[in-house]
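Asker: The structure follows.
Residue numbers (the working numbering): 56 to 488.
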């Protein structure tokens with residue numbers, strides 16, 4: 056070690072793992088993992104343990120194979136440890152008075168790989184199709200917590216009213232823990248189940264229409280708009296990585312203040328457009344803060360109001376001569392411009408589109424010269440916002456928003472967003488199963 060530095064040794068003190076304290080266990084595990092070093096190493100002692108099934112999703116599926124596991128585990132710092140939080144779902148195709156749908160058909164809206172069809176990423180869809188190809192019940196009732204140090208798994212029940220989960224709890228009474236026993240540091244990190252939200256978004260595109268005549272005539276039917284930024288990148292770069300998923304807009308997470316609310320909140324958002332039109336008709340919000348955790352709120356724009364949609368906003372960015380000139384200049388100087396995700400941000404009663412622009416070195420010429428693949432770090436250079444007919448570009452988001460409202464006159468009339476208070480699309484939170 057260099058001067059002033061030293062190595063620190065630490066012994067594993069967790070209670071999980073399989074003892075590997077003799078020659079026979081070493082030989083068995085060496086055969087199991089096809090690694091001769093486990094049998095020959097001198098670093099193992101009598102107290103050594105081996106931890107495998109390190110993938111957190113795999114650990115949860117082995118502990119509770121009757122639950123479906125969310126595709127997006129996320130780590131949190133709580134109780135002095137790093138822990139993974141994973142949403143788990145109960146599913147069935149035998150729930151009375153509920154429409155059966157083919158999850159593979161719904162999955163055409165979003166897919167993780169070209170050869171797989173999935174409304175949610177490929178692994179989750181394959182699991183659902185293997186167990187319940189047709190389902191009429193999906194409910195996120197369990198939060199699995201996996202300790203990143205020792206791998207211990209705790210299943211917290213967040214929805215004790217789930218009838219299917221109640222049956223599993225009677226079969227395995229010691230497998231579940233009431234959510235009230237989770238520490239406050241853990242519970243504050245719980246968020247809306249992402250895969251469930253993606254399924255609900257597809258269903259809500261049709262079932263937000265309550266009048267039977269309007270439903271069967273498909274008057275006011277919604278659709279998930281296309282991800283115009285993704286389409287632009289795929290067209291510009293023509294890389295295989297940009298061809299491996301459907302071009303529909305994915306839901307995304309925001310920290311903002313929604314119409315009718317006093318405080319900002321962290322939520323997952325899915326915008327909608329009318330069928331065969333590129334304007335914005337509304338958006339669905341899955342709450343994740345405080346008493347809004349697990350609640351869906353749908354916001355609708357007035358039918359006589361034309362609100363710029365994501366495709367129109369992206370087209371205005373692409374057609375802006377100042378932005379095009381700025382990007383062209385950077386593309387000619389040994390670098391390339393990467394456009395970030397175009398976000399639809401509810402701003403009080405208006406909608407603001409935000410897209411970051413990154414600049415990074417073009418590694419192709421350097422890689423050819425050195426004969427190696429070198430990675431370059433993107434650097435945020437500009438932020439573009441679209442508000443109605445206006446397009447602004449500034450070095451920071453704060454500067455772009457400040458420039459927008461400095462030029463706004465008192466008589467400006469931004470696109471107004473209203474919430475239907477006579478339907479489940481009310482801004483007041485409603486419980487979603």
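Even glycine gets a Cβ: it sits at the ideal position worked out from N, Cα and C.
Might you give, ordered along the chain, the residues of its own chain that have their beta carbon closer than 8 Å to the beta carbon of residue 204, omitting 5 neighbours on each side?
Answerer: Counting only Cβ-Cβ distances below 8 Å, and skipping sequence neighbours, we find 69, 136 and 137.
Asker: Assign residue 398 to one of three DSSP states: helix, strand, or coil.
Answerer: strand
Asker: Report back the beta-carbon spacing between residue 325 and residue 279 to the nearest angstrom; my notes put them in contact at under 8 Å.
Answerer: 7 Å
Asker: If you draw a straight line from the alpha carbon of residue 334 to that of residue 454, how long is it in whole angstroms?
Answerer: 27 Å
Asker: How would you write the range of the beta strand (DSSP E) that residue 322 sits in, first residue to last?
Answerer: Per DSSP, residue 322 belongs to the beta strand (DSSP E) from 320-329.
Asker: When you compare only the Cα positions, how much space is there between residue 180 and residue 313?
Answerer: Confidence in residue 180 is poor, its pLDDT being 43 and thus under 50, which makes the residue's placement unreliable; the coordinate value appears in the next sentence. For residue 180 and residue 313, the distance between alpha carbons rounds to 32 Å.
Asker: Quick test of the definition: if touching needs 3 or more C-beta pairs under 8 Å, does the segment 438-449 touch the segment 405-417?
Answerer: yes
Asker: To which residues of the same chain is residue 117 closer than 8 Å at the C-beta, ignoring the five residues directly before and after it?
Answerer: 108
Asker: Look at the alpha carbon of residue 76 and the alpha carbon of residue 139, and state the distance between them as a whole number of angstroms.
Answerer: 29 Å
Asker: Return the chain-ordered ranges of every beta strand (DSSP E) run that is complete within the segment 324-397 and spans a minimum of 3 residues.
Answerer: 337-342, 350-355 and 390-394
Asker: For residue 154 and residue 347, I'd like the C-alpha separation in whole angstroms.
Answerer: 27 Å
Asker: How is residue 266 classed by DSSP in three states: helix, strand or coil?
Answerer: coil
Asker: What does the Cβ neighbour count give for residue 222, buried or exposed, with the cut at 16 atoms within 10 Å?
Answerer: exposed
Asker: Taking DSSP as the reference, what is the three-state secondary structure of residue 434?
Answerer: strand
Asker: Pop quiz: residue 83 and residue 197 are said to be a contact at Cβ under 8 Å. What is the actual Cβ separation, rounded to whole angstroms?
Answerer: With 8 Å as the limit, residue 83 and residue 197 do not qualify as a contact, their Cβ atoms being about 34 Å apart.
Asker: In three-state terms, what does DSSP make of residue 86?
Answerer: helix
Asker: Would you kindly work out how many angstroms separate the C-alpha atoms of residue 298 and residue 373, rounded to a whole number?
Answerer: Caution is warranted here: a pLDDT of 47 is assigned to residue 298, below 50, making its placement in the model unreliable, and the coordinate value is therefore given only provisionally. The alpha-carbon atoms of residue 298 and residue 373 are separated by roughly 21 Å.
Asker: Which class does residue 198 belong to by DSSP, given the choice of helix, strand or coil?
Answerer: strand
Asker: Just to confirm the assignment, what range does the beta strand (DSSP E) spanning residue 310 have?
Answerer: Per DSSP, the continuous beta strand (DSSP E) segment holding residue 310 begins and ends at 307-311.
Asker: Put residue 122 into one of helix, strand or coil per three-state DSSP.
Answerer: Looking at residue 122 - three-state DSSP - the assignment turns out to be coil, as it is neither helix nor strand.
Asker: Residue 284: buried (16+ other C-beta within 10 angstroms of its C-beta) or exposed?
Answerer: Residue environment analysis places residue 284 among the buried positions, since at least 16 neighbouring C-beta atoms fall within 10 angstroms of its C-beta.
Asker: Between residue 234 and residue 447, what straight-line distance do the alpha-carbon atoms span, to the nearest angstrom?
Answerer: Rounded to whole angstroms, residue 234 to residue 447 spans 46 Å at the Cα level.
Asker: Is it right to say residue 195 is buried, meaning 16 or more other beta carbons lie within 10 angstroms of its own, or is it exposed?
Answerer: buried
Asker: Could you spell out where the beta strand (DSSP E) holding residue 137 opens and where it closes?
Answerer: 136-147
Asker: Taking the alpha helix (DSSP H) that residue 132 belongs to, which residues open and close that run?
Answerer: From DSSP, residue 132 is part of no alpha helix (DSSP H) but of the beta strand (DSSP E) over 129-133.
Asker: Can you give me the start and stop residues for the beta strand (DSSP E) that residue 407 sits inside?
Answerer: 405-416
Asker: Over the uninterrupted alpha helix (DSSP H) stretch that includes residue 95, give me the two end residues.
Answerer: Run containing residue 95: 92-95, per the alpha helix (DSSP H) assignment.
Asker: State the CB to CB distance for the pair residue 219 and residue 212, rounded to an integer number of angstroms; the pair is presumed to be in contact (CB under 8 Å).
Answerer: Contact doesn't hold; Cβ gap of about 12 Å is too wide.
Asker: Determine the direct distance from the alpha carbon of residue 356 to that of residue 274, and round the result to whole angstroms.
Answerer: 15 Å
Asker: Counting contacts by CB-CB distance shorter than 8 Å, is residue 405 in contact with chain C?
Answerer: The displayed structure is made up of one protein chain only, and chain C is not part of it.
Asker: Got a sec, what are the start and stop residues for the beta strand (DSSP E) residue 449 sits in?
Answerer: Counting along the chain, residue 449 sits inside the beta strand (DSSP E) bounded by residues 445-449.
Asker: Taking all protein chains shown into account, do 16 or more other C-beta atoms lie within 10 angstroms of the C-beta of residue 78, making it buried, or fewer, making it exposed?
Answerer: exposed
Asker: Assign residue 352 to buried or exposed, taking buried as 16 or more other Cβ atoms, counted over all protein chains shown, within 10 Å of its Cβ.
Answerer: A residue is called buried when at least 16 other Cβ atoms come within 10 angstroms of its Cβ; residue 352 meets this threshold and is buried.
Asker: According to the Cβ coordinates, are residue 304 and residue 365 closer than 8 Å?
Answerer: yes
Asker: Using the C-alpha atoms, what's the distance from residue 398 back to residue 322?
Answerer: 13 Å
Asker: State the Cα-Cα distance for the pair residue 149 and residue 225, rounded to the nearest angstrom.
Answerer: 19 Å
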